[in-house]
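Residue numbers (my numbering): -14 to 425.
Glycine included, each C-beta is placed from N, C-alpha and C at the ideal position.
Taking it in order: structure first as structure tokens, then the write-up.
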């Protein structure tokens, strides 16, 4: 039954991007069904399922977030002042239902990854290969739509990003971020080759680099500034943190810096539209992130402790909008997940969440000692941080699922190695059982 559970996990990585990112309720329901089937498959295996303490802490955190969201929606608070007169702090009293569904699915997917990872120490490599497969599918969809002149997301006609590659997403940043993760996965798989020389390594695993170049070209065609920066930072970090035995660090840093400059130059020459989008950052009439974030800070300052409840960001932005903010736009996010979280949950809860995430990342990195795995995780965490501060799309199942699964699978593999190491050492150090006849 292990293969069925693993198949349910890998299928979610491929399906989530095809389902408009997986954040729609119907898409999340399909992903949750796959997670449930995988859980049943694990439970039907012979022998008890081993559940670590980290999963217990994960579910305690999820229960606490859902409990606080429910508490915000209950009519137990003093009557709130304008913009609404109600005995609860949640602007959308039933908004916690969607959030609870999402968190339960995410916790279930992480738990299933941990359970499968305990039984398969090479699960992170399988996940990386599956990420490459789903990126290849998205590249085929994006390239096909561009060649045929279709302005579509393959679900409905495009209403924005008409000249950008979006694959089956309805968002160029989400498509570009997935390509950035695909590039990192290709670098990780290339690094798995243990060939003694660079030429032999290129001969054995050079195809992964070729696929990474293909993903980079697709990323450039998405014209996403954030994804381009994430790919540069993540790729450079991974290469820096996986040193070669025969290479000098200074020379490697110089080569990496020259490679980054060359990549930027080629991207500018290949896609002037992407360069134009970077120059647009200086235009106040187009870029309104500063007004949006100022609006968010005003809303947070109004209720720093209790927050405004789930599904409240759009209403809050509309109420506290600065004079320069485009009121005709449909602002459903501040394009910064940390500000969104502070609006929804309040500052104290977000500080606790930040401390918990920091502790979890520190624990994972302390457990994983292999240089390539540590480099992969550090690059992933940095890319996730950049993505969370630059846009809202990182909460899409298509983007958060590969990160969570790679992190959990790598942690379980490292923990299994730690558990096996003392056992091997103790066994090797034991003296043989004495011969009873010789002692007589």
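Q | Range of the contiguous alpha helix (DSSP H) that encloses residue 39 | A | 38 to 58
Q | Span of the alpha helix (DSSP H), counted from its first residue to its last, around residue 167 | A | 157 to 176
Q) Which first and last residues belong to the alpha helix (DSSP H) in which residue -7 is found? A) -13 to 3
Q.
Pull the bridge partners of residue 358 from the DSSP assignment, please.
A. DSSP lists no partner for residue 358.
Q. Roughly how many angstroms lie between the CA atoms of residue -11 and residue 259, to the nearest whole one?
A. 42 Å
Q.
Between the alpha carbons of residue 23 and residue 16, how many angstroms are there, rounded?
A. 11 Å
(Q) Taking 6 Å as the limit between beta carbons, can you name the residues of its chain near residue 60, skipping five residues before and five after? (A) 72 and 73
Q: Could you have a look at residue 227 and say whether DSSP puts it in helix, strand or coil?
A: coil
Q.
Quick check on residue 137: does DSSP put it in helix, strand or coil?
A. Look at residue 137 here: in three-state DSSP terms it is strand.
Q: Within 10 angstroms of the Cβ of residue 353, are there 16 or more other Cβ atoms? Answer buried if so, exposed if not.
A: Residue 353 comes out buried.
Q.
Please report the distance separating the alpha-carbon of residue 136 from that of residue 229.
A. 45 Å
Q.
Considering only heavy atoms of the ligand ATP, does any lie closer than 8 Å to the CB of residue 131?
A. In terms of ligand content, the structure shown is empty, and the ligand ATP therefore cannot be addressed.
(Q) If I measure Cβ to Cβ from residue -5 and keep anything under 8 Å in the same chain, skipping five residues before and after, which residues do I get? (A) Cβ contact annotation for residue -5 (same chain, cutoff 8 Å, sequence separation greater than five): 111, 112 and 115, in chain order.
Q: Could you tell me whether the stretch 346 to 366 touches the stretch 214 to 225, using the rule of 3 or more Cβ pairs below 8 Å?
A: yes
**Q.** Rounded Cβ spacing between residue 312 and residue 280 (contact assumed at less than 8 Å)
**A.** At roughly 11 Å, the Cβ-Cβ gap does not stay under 8 Å, so residue 312 and residue 280 are not in contact.
Q: Report all residues from its chain with a CB closer than 6 Å to the CB of residue 79; omit the five preceding and five following residues, and keep chain order.
A: There are no such residues.
Q: Count the C-beta pairs between the stretch 155 to 164 and the stretch 194 to 212 that are closer than 8 Å, then say yes if the count reaches three, no if not.
A: yes
Q. Can residue 429 and residue 221 be called in contact, C-beta distance under 9 Å?
A. The first residue shown for the chain is -14 and the last is 425, placing residue 429 beyond what the model contains.
Q) By DSSP, does residue 394 sit in helix, in strand, or in coil? A) Helix, per DSSP.
(Q) Quick check: is the beta carbon of residue 174 nearer than 9 Å to any beta carbon in chain D? (A) Any reference to chain D falls outside this structure, which holds one protein chain only.
Q: Pull up the DSSP beta-bridge partners for residue 142, would you.
A: Answer is 137, bridged to residue 142.
Q) Does the pairing of the stretch 79 to 99 with the stretch 287 to 297 give three or more beta-carbon distances under 8 Å? A) yes
Q.
I'd like the list of long-range same chain contacts for residue 126, defined as Cβ closer than 7 Å, with 5 residues on each side in sequence excluded.
A. 139, 152 and 153
Q: Starting from residue 340, trace the alpha helix (DSSP H) both ways and give me its first and last residue.
A: 332 to 352
Q) Terminal residues of the continuous alpha helix (DSSP H) containing residue 24? A) 10 to 28
Q) Which whole-angstrom value describes the C-beta separation of residue 278 and residue 324, a residue pair presumed to lie in contact below a C-beta threshold of 8 Å? A) 6 Å
(Q) Can you give me the C-alpha to C-alpha distance between residue 331 and residue 356, rounded to a whole angstrom? (A) 38 Å
**Q.** Counted within 10 angstroms of its Cβ, other Cβ atoms place residue 219 as buried (16 or more) or exposed
**A.** buried
Q. If you scan the stretch 232 to 283 from start to end, which runs of the beta strand (DSSP E) of 3 or more residues do you find wholly inside it?
A. none
Q.
I need the boundaries of the alpha helix (DSSP H) containing residue 194, first residue and last residue.
A. 183 to 207
Q | Proximity of residue 386 and residue 142 at Cβ, strictly below 9 Å | A | Going by C-beta atoms, residue 386 is not nearer than 9 Å to residue 142.
Q) What does a CB cutoff of less than 7 Å around residue 253 pick up in its chain, not counting 5 residues either side in sequence? A) 260
(Q) For the alpha helix (DSSP H) containing residue 379, name the first residue and the last one. (A) Where residue 379 is concerned, there is no enclosing alpha helix (DSSP H), given that its DSSP letter is neither H nor E.
Q | Pairwise C-alpha distance: residue 53 and residue 308 | A | 33 Å
Q: For residue 237, collect the residues of the same chain with a Cβ closer than 6 Å to its Cβ; drop the 5 residues on either side in sequence, then sort them by chain order.
A: none
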